[in-house]
Structures are given as C-alpha cells and as structure tokens.
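Report on one structure; see the data block that follows.
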Amino acid sequence: MPEVSRFAWRCRRGSALCQAYDLGTMSGVPEKPSLENVEPKWIDSWDQNGTYAFDRSATRDNVFSIDTPPPTVSGSLHMGHVFSYTHTDTVARFWRMRGKSVFYPMGWDDNGLPTERRVQNYYGVSCDASVAYVPNFQPPFRGDPPKDHRAVPISRPNFIELCEELTAEDEKIFEDLFRRLGLSVDWSLLYTTIEDRSRRASQRAFLRNLVRGEAYTQEAPTLWDVDFRTAVAQAELEDRDRPGAYHTIAFHKSDGSGDVLIDTTRPELLPACVALIAHPDDPRYQPLFGKIVRTPLFDVEVPVFAHPLAQIDKGTGIAMCCTFGDLTDVIWWRELQLSMRAIISRDGRIVNEPPSGLTDSAGLAHYASLVGKSAKQAQTAIAEMLTTSGEMIGEPRAITHPVKFYEKGDRPLEIVTSRQWYIRNGGRDAALRDSLLARGAGLNWLPDHMRHRYSNWVEGLNGDWLVSRQRWFGVPVPVWYPLDAQGETLHDSPLVPDESLLPIDPSTDAPVGYTEAQRGQPDGFIGDPDVMDTWATSSLTPQIAGKWQDDNDLFERVFPFDVRPQGHDIIRTWLFSTMVRSHFEHDVAPWSHVALSGWILDPDRKKMSKSKGNVVTPADLFDSYGSDAVRYWAVGARPGVDTAFSEDQMKVGRKLATKLLNVSKFVLGIGEVADDVVPTEAIDVAMLHRLAGVVDEATAAFEAFDYARVLERTEEFFWWFCDDYVELVKTRGYLSHTEDGAMSARAALRRALSTMQRLLAPLLPFVTEEVWNWWQSGSVHQSQWPTTSALTDGLTDGPNEELLDAICGAIGVIRRAKTEAKVSQRAVVTEASFVTSINAASAITAGWADIADAGSVEKWSISTADTNEITVDVTLAPNIH
RNA sequence: GGGCGUUUAGCUCAGUUGGCUAGAGCAUCUCCCUUACAAGGAGAGGGUCGGGGGUUCGAGCCCCUCAACGCCCA
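When we follow this note's numbering, the leftmost residue of the first sequence carries the number 162, and every step to the right adds one.
Structure (structure tokens):
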C-alpha cells in the first residue's frame, strides 16, 4: 500500500461517509466532543448555582470541615500550591458526594513580613513611624522601581494602605487561579488575616490568654534580627553553616600567677564578657572556680564559674561568657546570676556607652575605637588590638560552624535584651508540654510518621513562644500601659480593652477612661508599640474561618475541624501554634486529622525554587494541558510523598480526560435502552461486579484520604473497560444479534459509565461535569457517590473474575497473533484453535459470540490442557488490499 | 550527635496480612485508519527488588547489619 499522508486520512475521515453515523438523536452529546472551553463554562455554572455552598443548617455530624491553609499573599502561586490544594479538594468533593455538608473556606494570609517586603519593593517606599500621615498619598512607583531608587519614607498608616492595596490585587489573581484549578471552595467563606474579623479574633484570643495567665510580658534576652530590627521566635530560626575562626585569647589571673587561655569565635564580644565558665568535672580549671581573672585589652575583672554546659573537649575547655554571644550565654547569665554588659545595639553596631566595670583608661580607649562598628568590623579591629598587645596566642584558626539566622534574614542573629510578649507553649513547663504532646499523639497523622516531627519539636522547645514583633503591618498587641507621675511605663499593669471594642490599634485608639491627649503624658498612658507574630493570627484559622464568637452557631457546626491540610515544613509553626491556641481556648485539639503534603521536586530531585529558575507557572500549564490534566498529575502522588514535577503525567491526564469524553459519547450513542433493563449476559454482569469492587476500594481509600489510590484503581478499571470490555460488547450492543443481548450490553455500559463518571468526579471535576451533563440532570458534584448496591441491583449472578480473565485472555492472544502477523486488528480470522485449561475453555465458550465479534473470527475450536495459559493458532484471511 | 523517611525496569512510581512467572505509566521498538477516540488503537523488549547476613516450606515485604540520598531536630 502506498504511503498515505496523515492529512489525506484526516480528509477522508471528515467525509460524508464518516458523518453518516448520526449522533443527533442523543440529546446533549456533541458530535465532536472537546475539552476546549469546558473550564470557564463550568466555573461559571458552579458559581451561579452555588454548587459548593456550605449548608449551615447541617449539624456537626453531617459536616465535613477543612481548615484550609491560607496562602501567603506575597507573590504568586506556584506548583506546590496547585499540588497540595488539589489533594484537599478531591477529599472535599468526595465527602460532598457522600452527602456531607462540606465547610471548605479559603483564606489569604496577607499579614506580616512578606507583605511588608513586597510593598517596599513594589512601591519603592519604606515605613517610618515618625513620618506624618499623608492623605491620598501616591507612591513613587507601582511596580519595578529602578535599582538605584532610594526608598521614600512614609507613615505607618500610609504604609498599611499600600499593603492593603497590593494584597487586594494579588488576592484577585490567587482566587482566579484557584477557581481555574477547580477547587470546590465556598468563596462566600473567604477570609483574610488582616481584615477586622481576623484582627478581632486574634486580639480576643490574646486577651483571653492574658487573663488566664497564658500570655505574659517580660524584659529578657531575645534573639534579634539586626536588619529587620525585630525579635525572632524559636520557630523562625534556622542554622546555617558559616565560616568562622577560633581566636585563642589570654585572660590574666588576678593574683598574677599567669594566664588563662580561652578559645572564642567572637572576640568582638570581649568587652561584653561577664565570666569564664568551665565544666565542674574539669580538673584543669577546678582550682580557678570562684577566683577572679582580668580581661585582655579592657582589664575588667570577671569571675570563673563551673557549669555543666561547658564543653570540656571544645577549644581549651573554658569558655568566655558574654551578654550575649549565644543561647548558652543566656542560660549561664540567668542561672549564675551574672552581670549585664550589653555592647551590641539593635541595629547590630557597638553601642556608644562603655559597659559597666570598664574603667581602665587604656581599656576605655580601646573601646572607643570600636564604637559604631558592625560586629564583623569590630571583630577585625579587636583581633588587631589583641595581636598588638600580645594577648592573642597564635593565628586565628578557620572553622565552619552552624550559626543561628532568622529564616528570612541575611545576617546572623544577635541577642539583645528587650521587653517582649510571650505565650506559654510548654517550653518552660513540663506539665503543659506533656499535655501538648498528648494532644499531638491523639491526632490522625497522614502520613503517620509525621507525628514524630511534632513530638520532636515539642520536646525540644527551650522557651515560651515569643509573639511580639517590632514591625508595622500586623495585628497590634491590644494593650496600653499606664504612665506614672514621672512618665515611666508601668508594664506590669497593662490596660486592656473590652472584647466588644475589638479590633483596636493602641497607637491610635485610647483606652477607656483616658483621652487621646493623655497619650505619653505623666499619669497618662502609652500604647504597646508592637504587632503580633503572623503565627499568632494564623494559629487561629479554625476560629477565624468558623467565626468564633462572631457566629457561635456556625462555629459549633464546624469545630473541631475534620482535617488540617498543610506542608510538613510548618508543623513546628502553624500546626503547633494552632494546637496551643485551641488547647488553651477550647481544651480540645482543633482537628481530628492532619494531612501533610509533600514537596514538588524538579526533575533533578531538588526542591523547586525560584532562584534556580525552574518554577513553572500554573496558568501556563492549565493552558497547555487543562486543569483536569494538571490535577491528574497532582492526584497521582501518594499522600505526603515528595513528587517530581512532570509534564509527561499531565499529558497522560489529558489523554484520560479525552478518553472519558469519547467513551461517554460512545456509550450514550450506541442506542437507547429502558431505565429498568437489568443486564443479563454473563460478561456484562461480571464487568459490573468488577466495577463494584473498584467502588469499594475507592470509597475506603477516600475515607483514608488516599486520593492517589482512588485514581490508580479507577483508572486501571477505566482503561480495561475501554480497551477490552467495550471492544467485546460493542457489536452486540449495536443490535447485531439479539434484542436481549443488545439491551444487556447497553444497560451495563450505562451503569458503568455513570459509576465511572462519579468515581472520577472528585479528581477530574471539569470533564466529568461535562460528560455527566450530556445525559443527567444536576451537577455530578452534587450527585451521590456510587454504591455497589446500586451498581449490582437486580443482577442474578455474582462476581466472575475468571470469566473476564479468560475472555480477555482469548481476545488478547488473537490480537497478539494479528500484531505478530503485522495485519490490522480488523483482519478476519478464518479459523482459531485455542488450547487452555478446562475452566478457561468453558468461559471462552460462554463468551464466544463477543470474542468472535471483537476478533473478527469466523471458525474456532478449543482443546484443553493442563495449563493456565491461553494459546491460539490462527489462520488469517488473505489481505483483500 | 538524635530522630524520621527513601532505595523495585532507562525515568516516575505501585506492590495492602510473607504466597502463582515482581506490576503500571512514561520513554524505546514494531505493527494498525478500525463503525467512540490517530489528540487513537494493538503488541513487544526491558528488573540480581541498594549490599551483606538471618528467620521461614516460601522474603520485594519480617529481623540484624552496612551504605547512599533526603528531611526534621540539637
């Protein structure tokens, strides 16, 4: 046969001959099904019909509630969002079809530092609390300020207005993208973390913590980011390996009997030294305990103490304790009741005022030369001075060591003393810690091993939760302080607002009983200047989404929530802090299940990141493959497992969606059948029983949040159905033989089609809605989840896998024979001789008419042998071409 | 240093309580316009289940051990 171009074949297929097969009698089934434009059509339909609206008349037993993660509105949504939100959506859709009223809100986390930074970069401004408010302020830029632009300082209210303006734009984009992805969110439940209702919930919960003694304020050493100029909580720390150098420094014994050598990586803190510390069991230093030594360069007297945290094998075994170089210094300072000699300011520079105890004139001169230097510059300077004075022993020895950073910061954290607010979290209270551990142990973790992340974190807490931040765009700490007659702040007796007044801003609102004129005056008041950590608000998402106190009738219908979906990277922050708040406020865990999603990895198995330039835009993928196809890729990943980004999988998903269109068109177009016809042919009945098994498995899998298994089992059946079952029965279904046989096939095809469309509906919501509406009324997403009883209703025979296997095996060997002979599958087999087991032979005999139709077999024979295999010899008709 | 996870075909992964010849998709190769679908279909090849040891009639799965990779915590 001469080679024919694909184009020529297409022309032939489009000819009148091909169009003669008329689908016009099937109402709703398009002649040429397509995935084009189905998404906008159904997005609008769902919106207009309230398909996903939460029915708040449902009682808690009939509600499935989801504590949706509110994405941070500081840029764009990426594939990680698409991935994990799809997982949650499939589960939401399943429970909706199971008859639950699904509480599926969305929130935007527009609160906090990421937004501040984005506003600074986008508008070319910076916040300065001393600048006056400018009505109708216009920022110098809206997007992409030039690189040499210097940020324009603006007032806090103006800054916040810009924050709100920018997040509103971003949130619209986010919503559009999530709608496009097909999330079955009830958008009327949308919340943002900066809106009044969230600030009210956040401040109310804080004030209740305060009343119960769970929140407290304290002046204490705190980890501090010198660039952001804010305190940082333990949960926001990360260790980074950084180059450093051990400097060996000589301290001088006060009795003149020689030197004590210490090793330090931070010689610049020498003026802040308050003691030397060695291990109590270290014989080298036992004679020194309780004695006094003098610091080099500054000649300040410091005591030598014993403490078990000193490491015998580290350096010379005796350490310089400064206020403060690291967290161990804080412990020593507290437990040994040492002096305070702070020399690092909140912007990371050496302070003007020399520390206490420094009186030596040469020492003062040395100190003066350090003032204003950054820690790094001071280190260089002090190393030079020590070398000059001969008090540095040898050269500094380079090492690499872990240094604590704020996770969003660029310079190592310092420790400064400041007044901060804390919420108890078990870090300083064993009984509370045990309670929180028990709460975590009581959760259903998906996957289960993630529970260790929680217990690991709680057991490792070394302090309470620091919730105050020295920032602007956040929820203000809702307290004021009275000032005494001298104008001094009375921190121990804060003034609190009544809950009915919330939310408040203590920087602009005056407390009850005071007037604004008394702000900052003796015997007046002053507002707390700080805002709360973003997690202090995010930890209340169940309360915010459920409208706690604002609508308690609603709250009681949804709380505690059924599931918290989230990433495993924020177990220590979001998950744990939510647990803390719920434990205190409601004495219950905020959810029964926690579903942790995995990471998206690029094809090189590295976590996808913007800096590597390998982030793909979700919208582009929706355009290329369709939302269902992108969801297919996401759903294919096992719960909690890191997954490689794969456009190949999206192509497969696209194929599946297209196939569902085509097979639906076929089943609905093969011919009419009365609704009450019950399938009777053995193969039809066996197929329905096989599908019933899939329904059982899919249902159990969804109940366990295992959407991936639902897809796997449904998809496996679906392709078998298309490739084997449909091929076997299509000729019979066209009414080629008997009326009964045709009706049995048509009825079975329709039962199966309805079931498969519903099984796939939570996974591929667009294409299933499209094909469902060709022949059913209402949304597939409000239809009932398939049941085995409906699927097998009226069938007189039971399951028969052996029959299906034998018949499909027989058609399989005939196909293989044709492929090996390199002829078309349509080629006629004049004679086929099978050899197989007795049981398979009887099954093949029973199903022979369908096999003969599908394989175009004219004459056949079968003999039995002691084998489970099916083999066949075929004689092919001469090729008529 | 402690904890958790992973290791199965070229790639991405299933493999449920230990049980027939270890599966799927992708990729590769071959063939096929066929009356739902060529944006399709029918087939084929490809694996020492990370290494070693053990338990068992039987191990990808259970136990011990080693290794590599990843993550969490210190």
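Glycine residues also receive a C-beta, built at the ideal position from the N, C-alpha and C atoms.
Computed from a predicted model, the values in this text were never measured in an experiment.
- Each residue's CA atom was taken as its position, placing aspartate 331 and valine 234 some 6 Å apart.
- In the DSSP annotation of this structure, asparagine 319 is not part of any beta strand (DSSP E); the continuous alpha helix (DSSP H) holding it starts and ends at 317 to 342.
- About 4 Å separates the beta carbons of threonine 251 and proline 923, which is inside the 8 Å limit, making them a contact pair.
- In the DSSP secondary-structure assignment, methionine 481 is bridged to Leu437.
- The DSSP assignment places complete beta strand (DSSP E) segments of no fewer than 3 residues inside the region 554 to 641 at 558 to 567, 575 to 584 and 605 to 607, in order along the chain.
- DSSP lists Tyr567 as the bridge partner or partners of leucine 398.
- Annotation: tyrosine 567 to arginine 390 spans about 11 Å, alpha carbon to alpha carbon.
- In this structure, the beta-carbon distance from methionine 240 to isoleucine 761 falls below 8 Å.
- Less than 8 Å divides the Cβ of valine 199 from the Cβ of glutamate 931.
- Annotated as distal: proline 667 and aspartate 653, with beta-carbon spacing of 8 Å or more.
- Membership of glutamate 380 in the beta strand (DSSP E) is indicated by the continuous run 376 to 386.
- Inclusion of glutamate 746 and alanine 366 in the CB contact set at 8 Å is warranted, their separation being smaller than that value.
- Shown here for arginine 589: same chain residues with a beta carbon closer than 7 Å to its own, the five before and five after excluded, namely Gly624 and Asp625 in chain order.
- According to DSSP, residue pairing for methionine 501 in a beta bridge does not occur.
- Of the residues assessed, lysine 979 falls on the buried side of the cut-off, its CB having 16 or more other CB atoms within 10 angstroms.
- Taking the C-beta atoms as reference points, leucine 952 is found nearer than 8 Å to leucine 852.
- For histidine 754, the uninterrupted beta strand (DSSP E) segment begins and ends at 752 to 758.
- For valine 463, the pairing in a beta bridge is given by DSSP as Val454.
- Judged by their CB atoms, valine 941 and arginine 919 are nearer to each other than the 8 Å cut-off.
- Proximity to asparagine 282 across Phe264, Phe298, Arg303 and Asn210 peaks at Arg303, based on C-alpha coordinates.
- Rounded to whole angstroms, aspartate 723 and alanine 394 show a C-alpha spacing of 29 Å.
- A contact between stretches requires three or more CB pairs, one per stretch, nearer than 8 Å, and the region 455 to 470 meets this requirement with the region 507 to 524.
- For glycine 832, the CB contacts under 8 Å within the same chain, skipping 5 residues up- and downstream, are Gly894, Tyr895, Leu896, Ala903 and Arg907 in chain order.
- Tyrosine 284 sits buried, since 16 or more C-beta atoms from the chains shown fall within 10 Å of its C-beta.
- Under the DSSP assignment, glutamine 727 falls outside any alpha helix (DSSP H), being part of the beta strand (DSSP E) whose first and last residues are 722 to 728.
- Burial is judged here by how many other beta carbons sit within 10 angstroms of a residue's own beta carbon; histidine 562 has fewer than 16 and is exposed.
- Bridge pairing for isoleucine 731: absent [DSSP].
- Contact between arginine 792 and leucine 849 does not hold, since their C-beta atoms are separated by about 28 Å, which reaches or exceeds 8 Å.
- The distance from the Cβ of alanine 433 to that of alanine 362 is about 42 Å, inconsistent with a contact at the 8 Å cut-off.
- Residues of the same chain with a CB within less than 8 Å of the CB of serine 550, apart from the 5 flanking positions on each side, are Pro457 and Leu458 in chain order.
- Comparing alpha carbon positions, the residue from Thr548, Asp420 and Arg455 closest to threonine 477 is Asp420.
- Cα atoms of asparagine 1029 and isoleucine 968: separation of roughly 13 Å, rounded to the nearest angstrom.
- In this model, arginine 358 and leucine 351 are separated by some 11 Å (Cα to Cα).
- Annotation for alanine 219: Lys261, Ser262 and Arg718 place their beta carbon closer than 8 Å to its own, counting only its chain and skipping 5 residues before and after.
- About 6 Å separates the Cβ atoms of valine 313 and proline 301, confirming a contact at the 8 Å cut-off.
- By alpha-carbon distance to glutamate 325, the top candidate from Asp337, Tyr294 and Asn272 is Asn272.
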